[in-house]
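Residue numbers (the working numbering): 468 to 777.
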């Protein structure tokens, strides 16, 4: 297990280094002068040149990249061009709301997608299967803002069960998490159905049936553990997506997460904030997938025999 962790960690470090290089390239790809953004539009050419020197933009590119990596290692994500505040502080202020939304959305997706996928896989070709696939099709097709407005109108405005927006207690989390859960649950149910349907055809599952195991035991004990691995991998990708912000859902519900911060930064070409959010999403994806790789042999011990462990 230690060798597996070391190997996966090495791959993760290489991926993050590549992401750092790409985000650093934003300084040169985005049509905006960082020195001018910091100095202000009314600044003279001499002032802009002085700011450029203080920020190190007159140094060689490799020296600038080295300084960028050194600051990252010390937790320095730079300063916002627009808000004139450390980016670390801006993200830290939004992170709790984003983490709550991430947790609620993942739980909602799993609670909707996994049971629906199991139901469809065990009743393939039936009306139940077709109904689940219809739900999955709607889940992956309907735009986020449509689902969000419908839930907000029905359960917030008409029925008054939940607040119509804002950030606070658990009641504020239900509708945003349900919106993301309905959309992501469609993908999860499709993946769970296909994965479990294939697993149910494996020889060891047929052997379990031949030995007299109940249908529930065959599905939940013998088939579900290996079939759920693709779903866990997808959870890792969703974590990265939510960490960079569910922009539309946050906008509809007035949720003060990183998505709102990202959207504002894009509109105002606030490059340090954009770079920081990109890095945060990359770290989340890499970290979640690393965790999934390490948990794989525990969820399905057969993974060891397939090269997932030394």
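We put the beta carbon where it would ideally sit given N, CA and C, even for glycine. Bear in mind that the values here come from a model prediction, so they are computed numbers and not experimental data.
Requested in this report: Assign residue 760 to one of two classes, buried (16 or more other C-beta atoms within 10 Å of its C-beta) or exposed (fewer than that).
Outcome: Position 293 of the chain shown, counted from the start, is the residue given in the question as residue 760. Residue environment analysis places residue 760 among the buried positions, since at least 16 neighbouring C-beta atoms fall within 10 angstroms of its C-beta.
**Report entry** Proximity to residue 546 [Cα-Cα], best of 750, 733 and 740
**Finding:** Working through the chain shown from its first residue, we reach residue 546 at position 79. Out of 750, 733 and 740, 740 has the C-alpha closest to the C-alpha of residue 546.
Query - CB-CB length for residue 721 against residue 632, believed under 8 Å - result: The count along the chain shown starts at 1 and reaches residue 721 at position 254. The count along the chain shown starts at 1 and reaches residue 632 at position 165. Indeed, because the Cβ distance is near 4 Å, the residues count as touching under 8 Å.
Query raised in the report: Taking the alpha carbon of residue 637 as the point to measure from, which residue in 695, 564 and 620 has its own alpha carbon closest?
Result: Along the chain shown, read from residue 1 onward, the residue named residue 637 stands at position 170. Out of 695, 564 and 620, 564 has the C-alpha closest to the C-alpha of residue 637.
Query raised in the report: What is the DSSP secondary structure of residue 546, reduced to helix, strand or coil?
Result: For the purposes of this step, residue 546 is identified with residue 79 of the chain shown, where counting begins at 1. Of the three classes helix, strand and coil, the one that applies to residue 546 here is strand, per DSSP.
Query raised in the report: Grouping DSSP H, G and I as helix and E and B as strand, with all else coil, what is residue 553?
Result: Numbered from its first residue, the chain shown carries residue 553 at position 86. DSSP places residue 553 in strand when its eight states are reduced to three.
Query raised in the report: What are the boundary residues of the alpha helix (DSSP H) that residue 705 is part of?
Result: Here the question's residue 705 lines up with position 238 in the chain shown. Residues 696-710.
Query - Contiguous alpha helix (DSSP H) assignments of at least 4 residues, all confined to the region 474-537 - result: Whole alpha helix (DSSP H) segments, 4+ residues: 501-506 and 512-522.
Query - Burial state of residue 689, where buried means 16 or more other Cβ atoms lie within 10 Å - result: Position 222 of the chain shown, counting from 1, holds the residue named residue 689. Classification for residue 689: buried.
Query - N- and C-terminal bounds of the alpha helix (DSSP H) containing residue 634 - result: Translated into the one-based positions of the chain shown, residue 634 becomes position 167. Element bounds for residue 634: n/a, residue is neither H nor E.
Report task. Step through the CB atoms of chain C and report whether any lies within less than 8 Å of the CB of residue 707. Result -> In the displayed structure, chain C is absent; only one protein chain is listed.
**Report entry** Which listed residue (538, 479 and 524) has its alpha carbon closest to that of residue 754
**Finding:** In the chain shown, counting from the first residue as 1, residue 754 sits at position 287. Looking at the Cα atoms, 479 is the closest of the given residues.
**Report entry** Residue range of the unbroken alpha helix (DSSP H) whose run includes residue 592
**Finding:** On the chain shown, position 125 is the one that residue 592 refers to. Where residue 592 is concerned, there is no enclosing alpha helix (DSSP H), given that its DSSP letter is neither H nor E.
Report task. Could you spell out the range, first to last residue, of the alpha helix (DSSP H) harbouring residue 672? Result -> Residue mapping note: residue 672 aligns to position 205 of the chain shown, counting from 1. According to the DSSP assignment, residue 672 belongs to the alpha helix (DSSP H) that extends over 670-677.
Requested in this report: Give every residue of the same chain whose Cβ lies closer than 6 Å to the Cβ of residue 487, excluding the five residues on either side of it in the sequence, and list them in chain order.
Outcome: As a working note, residue 487 is residue 20 in the chain shown. Hits under 6 Å: none found.
**Report entry** Own chain, CB closer than 7 Å to residue 586, minus 5 neighbours either side, in chain order
**Finding:** Your numbering for residue 586 matches position 119 in the chain shown. Cβ contact annotation for residue 586 (same chain, cutoff 7 Å, sequence separation greater than five): 595 and 599, in chain order.
Query raised in the report: Should residue 671 be labelled buried (16 or more other beta-carbon atoms within 10 Å of its own) or exposed?
Result: As a working mapping, residue 671 is identified with position 204 in the chain shown. It counts as exposed.
Query raised in the report: Hey, how far is the Cα of residue 558 from the Cα of residue 725?
Result: Indexing the chain shown from 1 puts residue 558 at position 91. Indexing the chain shown from 1 puts residue 725 at position 258. Going from the Cα of residue 558 to the Cα of residue 725 covers about 7 Å.
**Report entry** Meets three-Cβ-pair contact criterion under 8 Å: the region 601-616 and the region 653-666
**Finding:** Here the region 601-616 lies against the region 653-666, with 3 or more beta-carbon pairs under 8 Å apart.
Query raised in the report: Within this structure, are the beta carbons of residue 556 and residue 719 separated by less than 8 Å?
Result: Translated into positions along the chain shown, residue 556 becomes position 89. Translated into positions along the chain shown, residue 719 becomes position 252. Against a cut-off of 8 Å, the Cβ pair of residue 719 and residue 556 comes out as no contact.
Requested in this report: Quick one: residues in its chain with C-beta nearer than 7 Å to the C-beta of residue 717, no 5 flanking neighbours on either side, listed in chain order?
Outcome: The sequence position of residue 717 within the chain shown is 250, counting from 1. In chain order, 724, 726 and 727 place their CB closer than 7 Å to the CB of residue 717, counting only its own chain and leaving out the 5 sequence neighbours on each side.
Report task. Tell me, to the nearest whole angstrom, how far the beta carbon of residue 640 is from that of residue 571; I am working on the premise that it is less than 8 Å. Result -> As a first step, residue 640 is located in the chain shown; it is residue number 173 there, counting from the start. As a first step, residue 571 is located in the chain shown; it is residue number 104 there, counting from the start. Yes, residue 640 and residue 571 are in contact; Cβ-Cβ is about 5 Å, under 8 Å.
Query - For residue 680, the three-state DSSP class (helix, strand or coil) - result: In the chain shown, counting from the first residue as 1, residue 680 sits at position 213. Judged by DSSP in its simplified three-state form, residue 680 adopts coil rather than helix or strand.
**Report entry** Proximity winner among 667, 576 and 476, relative to residue 692 (alpha-carbon distances)
**Finding:** In the chain shown, counting from the first residue as 1, residue 692 sits at position 225. Distance from the Cα of residue 692 is smallest, within the candidate group 667, 576 and 476, for 667.
Query - Own chain residues within Cβ distance below 8 Å of residue 522, not counting five before or after - result: Locating residue 522 in the chain shown gives position 55, where the first residue counts as 1. The beta carbon of residue 522 lies closer than 8 Å to those of 501, 502 and 505 in the same chain, with the five residues before and after it left out.
Query raised in the report: Once you ignore the five residues that flank residue 622 on each side, which residues in its own chain have a CB closer than 7 Å to its CB?
Result: Here the question's residue 622 lines up with position 155 in the chain shown. The beta carbon of residue 622 sits closer than 7 Å to the beta carbons of 628, 629 and 642 from its chain, once the five residues preceding and following it are set aside; these are given in chain order.
Query raised in the report: Mapping DSSP to helix, strand and coil, what is residue 609?
Result: Looking up residue 609 in the chain shown gives position 142. Coil.
Query raised in the report: Do residue 757 and residue 539 have their C-beta atoms closer together than 8 Å?
Result: By one-based count along the chain shown, residue 757 stands at place 290. By one-based count along the chain shown, residue 539 stands at place 72. No, the Cβ-Cβ distance between residue 757 and residue 539 is not below 8 Å.
Query raised in the report: What do you get for residue 612, buried or exposed, if any count of 16 or more other CB atoms within 10 angstroms of its CB means buried?
Result: Position 145 of the chain shown holds residue 612. With fewer than 16 Cβ atoms within 10 Å of its Cβ, residue 612 is classed as exposed.
Query raised in the report: From this set, 568, 597, 589 and 593, which residue's C-alpha is nearest residue 635's C-alpha?
Result: In the chain shown, residue 635 corresponds to position 168, counting from 1. Per the Cα distances, 568.
Query raised in the report: Which class does residue 579 belong to by DSSP, given the choice of helix, strand or coil?
Result: For the purposes of this step, residue 579 is taken as residue 112 along the chain shown, with counting starting at 1. In the structure shown, the three-state DSSP call for residue 579 is helix.
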